[in-house]
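Following full-length UniProt numbering, the numbering of the sequence shown begins with 1 at its first residue and continues without gaps.
Note sheet for the following structure.
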Amino acid sequence: MEILEEKWEALECRKEDIESQMMNAQPGKSPKIEVKNWLQKVEKMKSEIENIKQEADKRMCFSRMKLGKLACEKRQKVEELRQGGDFSDGLVVDPPVTVSHGEKLSTTTLVGESTAKRTKEKIWQHLLDEDSRKIGVYGMGGIGKTTIMKQINNDLLEEKKFDNVIWETVSKPFNVIKLQQDIACKLNLDLSKVSDETTRASKLNNALEDKKRYVLILDDMWEAFRLEEIGIPEPTPSNGCKLVLTTRNIDVCRKMDFKKIKMELLSGDESRNLFFDTVGSNVLNVQDIKPIVEEVVKECACLPLAIITIAGSLKDVVDASEWEDALYKLRSTKKSPENLDAEIAERLRFSYDRLKDEKLQRCLLCCALYLEDYEISRDKLIEHLIDEKVIESMKSRKAEFNNGHVMLNNLENACLLGGSKDFRTIDILEKRRFVKMHDLIREADAKFLVSVYVPKEEEWGNDVEKDSLMCKRGSKFPNVSPKCPKLSTLLLRGYVNIIPDSFFVHLHGLRVLHVDCLEFESLPNLVSDLKHLTSLRLINSFHIRRVPSLAKLTALRSLDLSGGSLEEIPHGLEMLKKLECFEGEFDGVKGFNTYVESLEEGGPSHYIYAVNKKKPASQVGVAEFGESVILSDCNICLLPKDVRALIICEGQRGTVSSDHWKKTVWFNKGCEEIEYLNSYFFTFSLQSLEILLLYELNSLKGLFREEKVAPALVVPFGTFSRLKQFSICDCPNIKKLFTPGSSMQNLEQIKVYGCEQLEEIIGGAEASDDEVEEEEEAEEIVEIFPQLRKLTLQYLPELKIICSSSNVILCDSLNSIMIEDCPKLNRLPLSLHLIDGELSSPPPSLQIYIEKESWELLEWDNHDMKMVLEPLLAVKSQGGGSRFT
Numbered sequence: 001m002e003i004l005e006e007k008w009e010a011l012e013c014r015k016e017d018i019e020s021q022m023m024n025a026q027p028g029k030s031p032k033i034e035v036k037n038w039l040q041k042v043e044k045m046k047s048e049i050e051n052i053k054q055e056a057d058k059r060m061c062f063s064r065m066k067l068g069k070l071a072c073e074k075r076q077k078v079e080e081l082r083q084g085g086d087f088s089d090g091l092v093v094d095p096p097v098t099v100s101h102g103e104k105l106s107t108t109t110l111v112g113e114s115t116a117k118r119t120k121e122k123i124w125q126h127l128l129d130e131d132s133r134k135i136g137v138y139g140m141g142g143i144g145k146t147t148i149m150k151q152i153n154n155d156l157l158e159e160k161k162f163d164n165v166i167w168e169t170v171s172k173p174f175n176v177i178k179l180q181q182d183i184a185c186k187l188n189l190d191l192s193k194v195s196d197e198t199t200r201a202s203k204l205n206n207a208l209e210d211k212k213r214y215v216l217i218l219d220d221m222w223e224a225f226r227l228e229e230i231g232i233p234e235p236t237p238s239n240g241c242k243l244v245l246t247t248r249n250i251d252v253c254r255k256m257d258f259k260k261i262k263m264e265l266l267s268g269d270e271s272r273n274l275f276f277d278t279v280g281s282n283v284l285n286v287q288d289i290k291p292i293v294e295e296v297v298k299e300c301a302c303l304p305l306a307i308i309t310i311a312g313s314l315k316d317v318v319d320a321s322e323w324e325d326a327l328y329k330l331r332s333t334k335k336s337p338e339n340l341d342a343e344i345a346e347r348l349r350f351s352y353d354r355l356k357d358e359k360l361q362r363c364l365l366c367c368a369l370y371l372e373d374y375e376i377s378r379d380k381l382i383e384h385l386i387d388e389k390v391i392e393s394m395k396s397r398k399a400e401f402n403n404g405h406v407m408l409n410n411l412e413n414a415c416l417l418g419g420s421k422d423f424r425t426i427d428i429l430e431k432r433r434f435v436k437m438h439d440l441i442r443e444a445d446a447k448f449l450v451s452v453y454v455p456k457e458e459e460w461g462n463d464v465e466k467d468s469l470m471c472k473r474g475s476k477f478p479n480v481s482p483k484c485p486k487l488s489t490l491l492l493r494g495y496v497n498i499i500p501d502s503f504f505v506h507l508h509g510l511r512v513l514h515v516d517c518l519e520f521e522s523l524p525n526l527v528s529d530l531k532h533l534t535s536l537r538l539i540n541s542f543h544i545r546r547v548p549s550l551a552k553l554t555a556l557r558s559l560d561l562s563g564g565s566l567e568e569i570p571h572g573l574e575m576l577k578k579l580e581c582f583e584g585e586f587d588g589v590k591g592f593n594t595y596v597e598s599l600e601e602g603g604p605s606h607y608i609y610a611v612n613k614k615k616p617a618s619q620v621g622v623a624e625f626g627e628s629v630i631l632s633d634c635n636i637c638l639l640p641k642d643v644r645a646l647i648i649c650e651g652q653r654g655t656v657s658s659d660h661w662k663k664t665v666w667f668n669k670g671c672e673e674i675e676y677l678n679s680y681f682f683t684f685s686l687q688s689l690e691i692l693l694l695y696e697l698n699s700l701k702g703l704f705r706e707e708k709v710a711p712a713l714v715v716p717f718g719t720f721s722r723l724k725q726f727s728i729c730d731c732p733n734i735k736k737l738f739t740p741g742s743s744m745q746n747l748e749q750i751k752v753y754g755c756e757q758l759e760e761i762i763g764g765a766e767a768s769d770d771e772v773e774e775e776e777e778a779e780e781i782v783e784i785f786p787q788l789r790k791l792t793l794q795y796l797p798e799l800k801i802i803c804s805s806s807n808v809i810l811c812d813s814l815n816s817i818m819i820e821d822c823p824k825l826n827r828l829p830l831s832l833h834l835i836d837g838e839l840s841s842p843p844p845s846l847q848i849y850i851e852k853e854s855w856e857l858l859e860w861d862n863h864d865m866k867m868v869l870e871p872l873l874a875v876k877s878q879g880g881g882s883r884f885t
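Pasting the structure below:
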């Protein structure tokens, strides 16, 4: 056994070296198939060796002779694996080339139909004109340049007028290397190892010339540059290419010899209509204030952003004194004809000042710490607001997040933030949401230092309270020691591989430190001396393998280490008695069990623990569940008393030991051994479960095996009685979900997606001929899922039955039904109450999403149901392209 352990340690070291090299590989590179297979074999061998060790400890199942023979066989296989891990010709390959003609961009409708439409048509004509090669769209900030160009970007892609459309937002201040790198990224060109600007420009020039006829759109230019300096070929009649830029400064167009197109201000009528639409009809119905409203419109200077923002801040205000006060303040702003952007920023600040809640003002200022045109994750922003005490401590993490969403909604409603949504991942998680801040509003509100470089020591101000630094890829962090006694918040982002200890020498007042996307392996040691630190977060910093001792950071309330790749739990964690929120990982189940046992004396009230995690917690998507444990490849594991969610991931084997019922259980892909849940959950009950998620379980055949010879495995009474949400995705071998008589009176959401062989949602149990006769004689209509609000069935090619003809779903609580790509489903078991012999009206909130052809083919128990429900349809034709949202 000792020799086996020595050889296994050598193999593990080789595996860690390979994984480290792969992690440091160039972005976009993919592991070779032979490397993937080798890593899988090593993981399998790890499991086999651990089993041998357990048997050796027990000395039960094998004699010494058999155990020695088995260990000898494994030694040989381990050695073969180690030798097979010599990938001298490399570990990764280039990603497959994908044909992409450009990226469709999210945008809003044009404001000022006539004026904006004329400008858009003028730009479009120049793009199609053979004699126009370089087009410059200029106008003041907030006038709509970016919105128009985003629409044109999408129109060009749709109409296929050019081979490629490339969109790039130019950073401020202008940086040659960053612009080269950003354009290269759109072309799948890697310039990370090319340090010479001239060589980079040459490679970029060649890549662009290979794109044939393209349109390159450079948004938000602040200064002119020479095209050859970047590596952008000059557009000519022979190459058929076009360049478009947007800028606030007409001189940029002049110096670069671009055809100038001015974005005009809105007309008086357009301004008035936009303001009235935004401020609300309640205001316009009050005759006394209408003249004041007209004067306020004039103060918005016909600028769309100013109109939307100021009108949003006065929405539904019907008190004349408030309108008079608003008019006075707007007229009191500094007039600056030579600097209109500054004047408009002053007027936008009016909306900030009108925020009557100081917490909303602080919330908006926190948004100003993020870079221009940066999509800010709502969840990450709310965590930041909690760290800054903008959101006070509440009884639960969910309550704090709800409060954060309300704040952000208020700022969106006041038109001070824009909102956007991400794609729906697997229809199990809700859409992830983002917010964005317009750069003019940022200029109006920003009180803090926000830089895309690290300032020189003399550029740091003594009064700086919050700082956000973006480090350029390939840049070196300067050896500076800023003296900022008031600095309380520091956000570090970028791509540097070392930050010197000297940087933190004088930052004793720091309370919030967030590290995002940095490429060094260890946090500076002097972080250990930041005694006032209350929040420390590693975000997307997967290179970080070590953090210094936390023993002195006794003020810490929030610690997030899930974005790193730590080799061990930091020293001094047990000293953090004030810790309220902890997200981190444990390298093995033994250390985790020891940590859980230590929690008898208390611990953080919110946590996400990962044991042997294969993915960062942010990718797993569990933050919304509250107190969570993510398990991968574990044996017996203890759980904290207050755990709410259990996420079981790849390679999980053995059992989970806990007397504390979990609210959420999520089986994630990789649990290949699971065929039935009732053969897995023999150590704890499912009667208190509220959310069950099943994702990519290739071996899953059913939720419960219907045992006739083993009564112990029969489903206990009350199983799923508290279940509220059930989601199953991409489980190819399951044929039916629930059994008749399942106790699911509290189920509110059912989502079933991509289960290729699924035939029944509620399957009928096999019955004898006598039983069938009895059922037919006394068939009684039974209501199922009485609390159901949302039913989603997508991509189920074999689904025939939702339930038997004796079951119905009353529409009383339903608000959403989605049926998509279920070609064999021919019956919707929906029902309404009868009032005086006629069907009652369905809930007004109910919407039914279904392909039109599928709706027409459905059979109904009551033909009047179809007529009653038809007005609630939101249909699409088959083959119509986009999915339902």
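Think of the CB as a built atom: it goes at the ideal place given N, C-alpha and C, for glycine as much as any other residue.
Every value quoted in this text rests on a predicted model; they were computed, and no experiment measured them.
Can you tell me which of the three DSSP states residue i falls into?
i, result
"H833", "coil"
"V514", "Per the sequence shown, residue 514 should be read as His rather than Val. Three-state result, H514: strand."
"Q619", "Legend: pLDDT at Q619 = 45, less than 50; position of this residue unreliable, no value from coordinates given."
"I166", "strand"
"V772", "Confidence at V772 is low in this model, with a pLDDT of 45, below 50, so the placement of that residue should be treated as unreliable; the coordinate-derived value is given next. V772 falls in the helix class under three-state DSSP."
"N51", "helix"
"P31", "strand"
"Q757", "coil"
"R347", "helix"
"H384", "helix"
"E2", "helix"
"A224", "coil"
"P337", "Residue confidence for P337 is low, a pLDDT of 47 falling below 50, so the modelled location carries little weight; the figure read from the coordinates is stated next. Here P337 sits in coil by DSSP."
How about residue i and residue j: are their beta carbons less than 9 Å apart?
i, j, result
"E81", "M45", "Per the sequence shown, the amino acid found at residue 81 is Leu instead of Glu. Result yes, Cβ atoms of L81 and M45 sit closer than 9 Å."
"K211", "N164", "yes"
"L216", "L208", "yes"
"D151", "L110", "Residue identity differs from the one stated: residue 151 is Gln in this sequence, not Asp. Cβ atoms of Q151 and L110: closer than 9 Å."
"V296", "V318", "no"
"K298", "G139", "no"
"L814", "L791", "yes"
"I539", "S522", "no"
"E79", "K7", "yes"
Grab me the residues of residue i's own chain with a C-beta within less than 6 Å of its C-beta, minus the 5 sequence neighbours each way, in chain order.
i, result
"E775", "Reliability fails at E775, whose pLDDT of 48 lies under 50, so the model's placement of it is uncertain and the value that follows must be treated cautiously. Around E775: no qualifying Cβ."
"F582", "L559, P604, Y607"
"L677", "L703"
"C367", "M437"
"L810", "E783, S831"
"D182", "E168"
List the endpoints of the continuous alpha helix (DSSP H) containing residue i.
i, result
"N154", "145-159"
"E465", "Per DSSP, E465 belongs to no alpha helix (DSSP H) and is neither H nor E."
"W855", "852-857"
"G404", "397-413"
"S313", "304-313"
"I183", "176-186"
Report the option in the options whose CA atom is closest to the CA atom of residue i.
i, options, result
"L697", "S688, I691, E690, E675", "E675"
"D529", "I544, S522, S688, S549", "S549"
"W323", "A306, C302, V283, K359", "V283"
"S488", "A201, N479, E690, E465", "E465"
"F592", "P640, L553, K145", "P640"
Can you give me the start and stop residues for the beta strand (DSSP E) that residue i sits inside?
i, result
"S549", "Looking at the DSSP string, S549 is not in any beta strand (DSSP E), and its letter there is neither H nor E."
"F592", "No beta strand (DSSP E) holds F592; the alpha helix (DSSP H) holding it covers 589-598."
"E820", "816-820"
Given residue i, which residues of its chain have a CB within under 7 Å of its CB, disregarding the five upstream and five downstream residues?
i, result
"K117", "L110"
Excluding five sequence neighbours on each side, which residues of the same chain lie with their C-beta closer than 8 Å to the C-beta of residue i?
i, result
"G866", "Sequence inspection shows Lys at residue 866; the Gly mentioned does not correspond to that position. So the qualifying residues of the chain are L858, W860."
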